[in-house]
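Peer 1: The sequence shown begins at 1 in UniProt numbering and counts up one residue at a time. Quick reminder that beta carbons are idealized off the backbone N, C-alpha and C, glycines included. Sharing a structure below in structure tokens format, with a few things to ask.
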Amino acid sequence: MSAVSDEPGRARGWAAGLLRWFSLRLRLMLVFGLVALTAAVSASAIAYWLNRDAVLTRTQDAALDEFRKSLKDDTDPLPSVPTCSELRDAAGRMADNTQKYEVLLITRTRDAGSCPAASDKKLFTLDAVPASLRRAVDQKRPVAKGNTAPYHLYWQRITLDGTPYLVGGAKVNGGGPTGYLLKSLDTERQDLNSLAWSLGIATGLALIGAALLAQAAAATVLRPVQRLGEAAYRLGEGHLDTRLQVSGSDELANLSHTFNRAAERLQKRVAELSAREASSRRFVADMSHELRTPLTAITAVSEVLEEEADSLDPMIAPAVQLVVSETRRLNDLVENLMEVTRFDAGTARLVLDDVDVADQVTACIDARAWLDAVELDAARGIVARLDPRRLDVILANLIGNALKHGGSPVRVSVRTDGDALLIKVRDHGPGIPEDVLPHVFDRFYKASASRPRSEGSGLGLSIAMENAHIHGGDISAANFPEGGAVFTLRLPMDASRIASDEAEDELGDRGDPDDPDREGAAEGGRDADGRASGKRKGRTWGSKGKGGNAARGTGRNQEGRP
Numbered sequence: 001m002s003a004v005s006d007e008p009g010r011a012r013g014w015a016a017g018l019l020r021w022f023s024l025r026l027r028l029m030l031v032f033g034l035v036a037l038t039a040a041v042s043a044s045a046i047a048y049w050l051n052r053d054a055v056l057t058r059t060q061d062a063a064l065d066e067f068r069k070s071l072k073d074d075t076d077p078l079p080s081v082p083t084c085s086e087l088r089d090a091a092g093r094m095a096d097n098t099q100k101y102e103v104l105l106i107t108r109t110r111d112a113g114s115c116p117a118a119s120d121k122k123l124f125t126l127d128a129v130p131a132s133l134r135r136a137v138d139q140k141r142p143v144a145k146g147n148t149a150p151y152h153l154y155w156q157r158i159t160l161d162g163t164p165y166l167v168g169g170a171k172v173n174g175g176g177p178t179g180y181l182l183k184s185l186d187t188e189r190q191d192l193n194s195l196a197w198s199l200g201i202a203t204g205l206a207l208i209g210a211a212l213l214a215q216a217a218a219a220t221v222l223r224p225v226q227r228l229g230e231a232a233y234r235l236g237e238g239h240l241d242t243r244l245q246v247s248g249s250d251e252l253a254n255l256s257h258t259f260n261r262a263a264e265r266l267q268k269r270v271a272e273l274s275a276r277e278a279s280s281r282r283f284v285a286d287m288s289h290e291l292r293t294p295l296t297a298i299t300a301v302s303e304v305l306e307e308e309a310d311s312l313d314p315m316i317a318p319a320v321q322l323v324v325s326e327t328r329r330l331n332d333l334v335e336n337l338m339e340v341t342r343f344d345a346g347t348a349r350l351v352l353d354d355v356d357v358a359d360q361v362t363a364c365i366d367a368r369a370w371l372d373a374v375e376l377d378a379a380r381g382i383v384a385r386l387d388p389r390r391l392d393v394i395l396a397n398l399i400g401n402a403l404k405h406g407g408s409p410v411r412v413s414v415r416t417d418g419d420a421l422l423i424k425v426r427d428h429g430p431g432i433p434e435d436v437l438p439h440v441f442d443r444f445y446k447a448s449a450s451r452p453r454s455e456g457s458g459l460g461l462s463i464a465m466e467n468a469h470i471h472g473g474d475i476s477a478a479n480f481p482e483g484g485a486v487f488t489l490r491l492p493m494d495a496s497r498i499a500s501d502e503a504e505d506e507l508g509d510r511g512d513p514d515d516p517d518r519e520g521a522a523e524g525g526r527d528a529d530g531r532a533s534g535k536r537k538g539r540t541w542g543s544k545g546k547g548g549n550a551a552r553g554t555g556r557n558q559e560g561r562p
């Protein structure tokens, strides 16, 4: 079981780690690193190519200049048709140089043959000379103003067995042998490799330096941003006295000044609104308390008049019935206002008990004489730990609302969904307009402004929602596809945890002075109709025994649907 419960925490940890990898700090460091890497690589590449060109050009020019001079000096003493031995001696003398290159001389012998003479036969043969270079060397160009010699010196870089070489060739002007040189560039390659390694190390060091610089810059820039984020979080959690310490005069300091001004204005505004809300709540509570005394007397008189209605003059009987009904409506409105004030003040508490849900729904329907109009689909044995009085208030409001505004029959179904209890109340009326659905649980909401008055107080569904919330549940309203509206009540099967949290809150703040009816709440509560029950002035408050009164009670405290 513990392994399963650890999965969400582990997933949240992975998500937090992934977010850190994509944090602003990392992005800033990556940008710094990429810029530094691009700059370092570009500079290193440019430096490498410039040095490579300079090294190769210097080596190449030195070798070719010496080869040109040596070719002229060592071949001039030769006869016009030298022997192979004489050519080899000349090639050996030419190869004995400071540039350390090998020489190959080619000329025609007396027998009209060709004699290639190399300073190193194993290393340098005519096959090592590219054909394109041989053709360029043998090509005779006409002497003109821009060309003073028919033959020129040509060169080319090649690779033999993985080693780079410089190959150059020229024909002696005025007749003479053709000479080729072969110079190894391995030393230059090693020097260039060492330079590349040095530039690579320099690039790496530059990247590390850029990362350190990015870290320092990120710390400098992001530390105020982080403090601003923490302050904004605390402000969102309700700590309206949160302020930022301002230092400097840059853009971040201006942002901190702006945040502090906004937080100060918000704190003042919230304080004003809280004071107004407390004043309004106190006014409603005081007004409700003040109305109770005259309402008690008026209710007693109206009940006496109702009991004597049969003996009254038929001319005044309708007026008596109007007084009785309006007195009850006013009494219900006051009691609903008191209950709403308790919710707003946070003094409403749960009194839990083990409840057989099917029996509770049946008792609610039976107490209000709704058995003929309500179909119940509930299995026996579904027991939940809830507040039975508040559950009865919720059911009375939902079912009464369906009977009043929907159409019969009203179907009530009870199901369980894991650790949740689902109670659905469906009617067969025209349904709820889509623009009204979001407001059905609002206090005193009317779908039509032209009909602001109704038989109920306009608080029934709002009180039902509050009673669901205090259990840790919820109520949703929707339209059924086949017609009619359906209200779904979702409550936990065991609300003990919610009740224990409320008990801890009560221990922390015992005796709320804003409780509008601490004495009345202790005396009793509400009857199944959502009306307060208890004894006042020697009379018992509850449902009347007369059938007419029971039928009239179906409209009480179930408002909320337009």
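Jot down the residue ranges of each uninterrupted alpha helix (DSSP H) in the segment 306–361, minimum 4 residues, whole runs only, in chain order.
Peer 2: Runs of the alpha helix (DSSP H) inside the segment 306–361: 317–345.
Peer 1: Could you check what DSSP says for T83 in three-state terms: helix, strand or coil?
Peer 2: Taking the first residue of the sequence shown as 1, we reach residue 83 at position 83. It is coil, neither helix nor strand.
Peer 1: Given a threshold of 16 other Cβ atoms within 10 Å of its Cβ, counted over all protein chains shown, does residue 582 qualify as buried or as exposed?
Peer 2: A question about residue 582 goes unanswered here, because the residues of the chain that appear run from 1 up to 562.
Peer 1: Go ahead and pull the three-state DSSP assignment for G473.
Peer 2: The residue you call residue 473 lines up with position 473 of the sequence shown. Correct three-state label for G473: coil.
Peer 1: Which first and last residues belong to the beta strand (DSSP E) in which K424 is found?
Peer 2: Residue mapping note: residue 424 aligns to position 424 of the sequence shown, counting from 1. From DSSP, the beta strand (DSSP E) with K424 extends over 420–426.
Peer 1: Using DSSP's beta-bridge definition, name the partner residues of Y180.
Peer 2: Numbered from 1 along the sequence shown, position 180 holds the residue referred to as residue 180. Paired residues: L104, G169.
Peer 1: Assuming W155 is part of the beta strand (DSSP E), what are its boundary residues?
Peer 2: Along the sequence shown, one-based indexing puts residue 155 at 155. Start and end: 154–160.
Peer 1: Report, in whole angstroms, the separation of the C-beta atoms of A485 and D427, which I expect to be a contact under 8 Å.
Peer 2: Along the sequence shown, one-based indexing puts residue 485 at 485. Along the sequence shown, one-based indexing puts residue 427 at 427. That belief holds up - the Cβ atoms of A485 and D427 are roughly 6 Å apart, short of 8 Å.
Peer 1: Report the CB separation of residue 606 from I106 in whole angstroms; it is logged as a contact under 8 Å.
Peer 2: With the chain covering only 1 through 562, there is no way to say anything about residue 606.
Peer 1: By DSSP's criteria, D417 is part of a beta bridge. Which residues make up the other side?
Peer 2: In the sequence shown, residue 417 corresponds to position 417, counting from 1. According to DSSP, D417 bridges with A420.
Peer 1: Quick one: Cα of I298 to Cα of E306, how far?
Peer 2: The residue you call residue 298 lines up with position 298 of the sequence shown. The residue you call residue 306 lines up with position 306 of the sequence shown. Taking the straight line from one Cα to the other gives about 12 Å.
Peer 1: Excluding the 5 residues flanking D354 on each side, which residues of the same chain have their C-beta closer than 6 Å to its C-beta?
Peer 2: If you number the sequence shown from 1, residue 354 lands on position 354. Same-chain partners within the cutoff: V383, R385.
Peer 1: Nearest to V172 by alpha carbon, out of V357, N193, K69?
Peer 2: Position 172 of the sequence shown, counting from 1, holds the residue named residue 172. Of the listed residues, the one whose Cα sits closest to V172 is K69.
Peer 1: Who does S44 pair with in a DSSP beta bridge?
Peer 2: Numbered from 1 along the sequence shown, position 44 holds the residue referred to as residue 44. None; S44 has no bridge partner.
Peer 1: Following the continuous beta strand (DSSP E) through D138, name the residue where it begins and the one where it ends.
Peer 2: As a working mapping, residue 138 is identified with position 138 in the sequence shown. Note, D138: premise wrong, no beta strand (DSSP E); alpha helix (DSSP H) at 131–138.
Peer 1: Nearest-angstrom Cα distance between V137 and V167?
Peer 2: Within the sequence shown, numbered from 1, the residue matching residue 137 stands at position 137. Within the sequence shown, numbered from 1, the residue matching residue 167 stands at position 167. Distance between the alpha carbons of V137 and V167: 12 Å.
Peer 1: Please say whether L153 and Y101 have beta carbons closer to each other than 7 Å?
Peer 2: Residue numbering aside, residue 101 sits at position 101 when the sequence shown is read from its first letter. Residue numbering aside, residue 153 sits at position 153 when the sequence shown is read from its first letter. Contact flag unset, no.
Peer 1: With three or more C-beta pairs closer than 8 Å as the rule, is the segment 412–431 touching the segment 470–490?
Peer 2: The segment 470–490 vs the segment 412–431: in contact.
Peer 1: Please list, in chain order, all residues of the same chain as L133 whose beta carbon is under 7 Å from its beta carbon, the five residues on each side excluded.
Peer 2: Residue numbering aside, residue 133 sits at position 133 when the sequence shown is read from its first letter. Taken in chain order, the residues that qualify are Y154, Q156, V167, G169.
Peer 1: What are the boundary residues of the alpha helix (DSSP H) that includes residue 601?
Peer 2: Not covered by the structure: residue 601. The range shown for the chain is 1 to 562.
Peer 1: When the Cα atoms are used, what is the spatial distance from A468 to L489?
Peer 2: Residue 468 sits at position 468 when you count from the first residue of the sequence shown. Residue 489 sits at position 489 when you count from the first residue of the sequence shown. Going from the Cα of A468 to the Cα of L489 covers about 8 Å.
Peer 1: Return the bridge partner residues of S114 from the DSSP annotation.
Peer 2: Numbered from 1 along the sequence shown, position 114 holds the residue referred to as residue 114. Answer is R108.
Peer 1: Whole angstroms are fine: how far does the CA of L421 sit from the CA of S311?
Peer 2: Locating residue 311 in the sequence shown gives position 311, where the first residue counts as 1. Locating residue 421 in the sequence shown gives position 421, where the first residue counts as 1. The straight-line gap from Cα to Cα measures roughly 50 Å.
Peer 1: Judging by CA-CA distance, which residue of L228, D241, E277 is the nearest neighbour of N254?
Peer 2: Residue mapping note: residue 254 aligns to position 254 of the sequence shown, counting from 1. Nearest C-alpha to N254: L228.
Peer 1: Residues in the same chain with beta-carbon distance under 8 Å from R443, minus the five sequence neighbours each way, listed in chain order, please.
Peer 2: Sequence index remark: in the sequence shown, residue 443 carries index 443 (1-based). Hits under 8 Å: V340, G458, L459, S462.
Peer 1: On the criterion of 16 or more Cβ atoms from any shown chain inside 10 Å, does M338 qualify as buried, or is it exposed?
Peer 2: Sequence index remark: in the sequence shown, residue 338 carries index 338 (1-based). The residue is buried, with at least 16 neighbouring Cβ atoms inside 10 Å.
Peer 1: Could you check what DSSP says for E434 in three-state terms: helix, strand or coil?
Peer 2: Mapped onto the sequence shown, residue 434 falls at position 434. Note: E434 maps to coil in three-state DSSP.
Peer 1: Look at the Cβ atom of I394, then the Cβ atom of A464, and state whether they are nearer than 7 Å.
Peer 2: Taking the sequence shown and counting its residues from 1, one reaches residue 394 at position 394. Taking the sequence shown and counting its residues from 1, one reaches residue 464 at position 464. It is a contact, given that the beta carbons lie within the stated cut-off.
Peer 1: If you draw a straight line from the C-alpha of N147 to the C-alpha of R141, how long is it?
Peer 2: As a working mapping, residue 147 is identified with position 147 in the sequence shown. As a working mapping, residue 141 is identified with position 141 in the sequence shown. Those two C-alpha atoms are separated by around 8 Å.
Peer 1: Distance, Cα to Cα, R93 vs G162?
Peer 2: Along the sequence shown, one-based indexing puts residue 93 at 93. Along the sequence shown, one-based indexing puts residue 162 at 162. Whole-angstrom Cα-Cα distance: 28 Å.
Peer 1: Look at the alpha carbon of L252 and the alpha carbon of R223, and state the distance between them as a whole number of angstroms.
Peer 2: The residue given as residue 252 occupies position 252 in the sequence shown. The residue given as residue 223 occupies position 223 in the sequence shown. If I take the Cα positions, the gap works out to 10 Å.
Peer 1: Buried or exposed: where does L104 fall if 16 or more other Cβ atoms within 10 Å of its Cβ makes it buried?
Peer 2: Translated into the one-based positions of the sequence shown, residue 104 becomes position 104. By the neighbour-count rule (16 or more Cβ atoms within 10 Å), L104 is buried.
Peer 1: Please report how far the alpha carbon of T242 lies from the alpha carbon of V410, in whole angstroms.
Peer 2: To locate residue 242, count along the sequence shown from 1; it is residue 242. To locate residue 410, count along the sequence shown from 1; it is residue 410. Spanning the two alpha carbons is a distance of roughly 53 Å.
Peer 1: For V412 and G238, I'd like the C-alpha separation in whole angstroms.
Peer 2: Taking the sequence shown and counting its residues from 1, the one referred to as residue 412 is at position 412. Taking the sequence shown and counting its residues from 1, the one referred to as residue 238 is at position 238. Those two C-alpha atoms are separated by around 41 Å.
Peer 1: Considering just the uninterrupted stretch of the alpha helix (DSSP H) at T220, what are its terminal residues?
Peer 2: As a working mapping, residue 220 is identified with position 220 in the sequence shown. That run of the alpha helix (DSSP H) goes 186–236.
Peer 1: Looking at C-alpha atoms only, which residue of A275, A278, L240 is the closest neighbour of A263?
Peer 2: Locating residue 263 in the sequence shown gives position 263, where the first residue counts as 1. Per the Cα distances, L240.
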